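S.K.:
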Amino acid sequence: MSTQLILPIQPPDAHCLENFYTGQNAILLNCLRQFSLKIGEPYIYIWGNPGAGCTHLLQACCHAAQQEGFSVAYLPLNTIKKNNSSEMLRGLESVDMVCIDELDSIVDDSIWQESLFHFYNRLQEQSRYLLIAAKHSPNQLNFSLLDLISRLSSGVLFQVRELNDAERLIALQQRAYLRGLELSEEVGQFLLLRLPRDSQALFSALTQLDKASLSLKRKLTIPLVKTILKL
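Per my numbering, residue 320 is the first one in the sequence shown, and the count goes up by one each step.
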């Protein structure tokens, strides 16, 4: 499998480190900025609840590293393993930076665990950079291969902290601003009350609102939001 390329032309709210609202993750963000430049720790493991932003951070690091001229591979395991055997990892140690997402998806797959264990070792031998994301910390993963858990625990580990409501509102308004969309505090608070409190759901709704607002040429109000999102 060749390195997965990430297109340089990005939508206004494409995943990048600059539009990830920091909240309580300042140390993590600083670490990932260095990581994207291939400076500092070559292996980082992050975990967090769905919607906390793990996928955002992995894809953001891929974008940042690619802009620096590094070769990158983004591997969402839950998607990849449906159509590929673990043999697809062979040769990827030639890539400068590998970002593995959805690690939890191989919890019941001993073959993938074994392949990932050897892949990790090959990456270390080649002094490559590795970023892994999961829903749980290494010690909470119910992997059958204990040596893999040991390897996963050997790097720098961060839990991605979720935003509180005040931070979610600011993050929404910042993302809207990047799109050229005005999002009042009143409308933002309404979205927080009526939608799931995770970033993925909120930003997805914002994308829908932006398209509708542009099409209708109308400013976002609570009645309009109710109509667009069918709330």
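Even for Gly, the Cβ is constructed at its ideal location relative to N, Cα and C. Note that the structure is a prediction, hence the values are computed from the model and not measured.
Return the CA-CA distance between Q385 and P542, expressed in angstroms with no decimal places.
M.R.: To locate residue 385, count along the sequence shown from 1; it is residue 66. To locate residue 542, count along the sequence shown from 1; it is residue 223. Using only the alpha carbons, I get a separation of about 42 angstroms.
S.K.: Could you give the distance in angstroms between the alpha-carbon of L525 and the alpha-carbon of L351?
M.R.: Within the sequence shown, the letter at position 206 stands for residue 525. Within the sequence shown, the letter at position 32 stands for residue 351. Between L525 and L351, the C-alpha separation is close to 26 angstroms.
S.K.: Using only the alpha-carbon positions, how far apart do L370 and Q445 sit?
M.R.: Position 51 of the sequence shown, counting from 1, holds the residue named residue 370. Position 126 of the sequence shown, counting from 1, holds the residue named residue 445. What sits at residue 370 in the sequence shown is Gly, not Leu. Going by the C-alpha atoms only, they are around 33 angstroms apart.
S.K.: Within 10 Å of its beta-carbon, does N397 have 16 or more other beta-carbons around it, so buried, or fewer, so exposed?
M.R.: As a working note, residue 397 is residue 78 in the sequence shown. Label assigned to N397: exposed.
S.K.: Where does A453 land, buried or exposed, given buried means 16+ other C-beta within 10 angstroms?
M.R.: Along the sequence shown, one-based indexing puts residue 453 at 134. Classification for A453: buried.
S.K.: Please return the same chain residues whose Cβ sits closer than 7 angstroms to the Cβ of N344, not counting the five positions on each side in sequence.
M.R.: Taking the sequence shown and counting its residues from 1, the one referred to as residue 344 is at position 25. V479, R480.
S.K.: Could you tell me whether the segment 467-474 touches the segment 429-441, using the rule of 3 or more Cβ pairs below 8 angstroms?
M.R.: yes
S.K.: Which value, in whole angstroms, describes the spacing of the CA atoms of V475 and H455?
M.R.: Along the sequence shown, read from residue 1 onward, the residue named residue 475 stands at position 156. Along the sequence shown, read from residue 1 onward, the residue named residue 455 stands at position 136. One C-alpha to the other measures close to 14 angstroms.
S.K.: Between which two residues does the beta strand (DSSP E) carrying P395 extend?
M.R.: Position 76 of the sequence shown, counted from the first residue, corresponds to residue 395. Unbroken beta strand (DSSP E) run through P395: 391-395.
S.K.: Using the three-state DSSP reduction, which class does C418 fall into: helix, strand or coil?
M.R.: The residue given as residue 418 occupies position 99 in the sequence shown. Here C418 sits in strand by DSSP.
S.K.: Restricting to Cα atoms, I'd like to know which of Y364, W366, I547, Q378 is closest to E337.
M.R.: Position 18 of the sequence shown, counted from the first residue, corresponds to residue 337. Minimum Cα distance to E337 is reached at Q378.
S.K.: Using the DSSP secondary-structure output, state which residues sit across from Q478 in a beta bridge.
M.R.: Position 159 of the sequence shown, counting from 1, holds the residue named residue 478. According to DSSP, Q478 bridges with W366.
S.K.: Under three-state DSSP, which class holds L539?
M.R.: In the sequence shown, the residue the question calls residue 539 occupies position 220. L539: coil per DSSP, three-state reduction.
S.K.: Could you tell me if I328 is buried or exposed, where buried requires 16 or more neighbouring beta carbons within 10 angstroms of its beta carbon?
M.R.: Reading the sequence shown from its first residue, position 9 is the one you call residue 328. Model confidence at I328 stands at a pLDDT of 34, short of 50, so the residue's coordinates are unreliable; what they give is reported in the following sentence. I328 counts as exposed, since fewer than 16 other C-beta atoms from the protein chains shown sit within 10 angstroms of its C-beta.
S.K.: I'd like to know whether the C-beta atoms of L511 and L488 end up nearer to each other than 8 angstroms.
M.R.: Against the sequence shown, residue 511 aligns to sequence position 192. Against the sequence shown, residue 488 aligns to sequence position 169. Contact flag set, yes.
S.K.: Give the DSSP-derived three-state secondary structure of A453 in the structure shown.
M.R.: Taking the first residue of the sequence shown as 1, we reach residue 453 at position 134. Residue state, collapsed to three classes: strand.
S.K.: Mark R537 as exposed unless 16 or more other C-beta atoms lie within 10 angstroms of its C-beta, in which case mark it buried.
M.R.: By one-based count along the sequence shown, residue 537 stands at place 218. So R537 ends up on the exposed side.
S.K.: For Y340, which of helix, strand or coil comes out of DSSP?
M.R.: As a position in the sequence shown, residue 340 is number 21, starting the count at 1. Three-state DSSP puts Y340 in coil, outside helix and strand.
S.K.: Quick check on Y496: buried or exposed, where buried means 16 or more other Cβ atoms within 10 Å of its Cβ?
M.R.: Along the sequence shown, one-based indexing puts residue 496 at 177. When all chains shown are included, Y496 counts as exposed.
S.K.: Measure how close the beta-carbons of M416 and V391 come, nearest whole angstrom, since I'm counting them as under 8 angstroms.
M.R.: What you label residue 416 is simply residue 97 of the sequence shown in a count that begins at 1. What you label residue 391 is simply residue 72 of the sequence shown in a count that begins at 1. Confirmed, about 5 angstroms.
S.K.: Are there 16 or more other CB atoms within 10 angstroms of the CB of R409, so buried, or fewer, so exposed?
M.R.: As a first step, residue 409 must be located in the sequence shown, where it is residue number 90. R409 comes out exposed.
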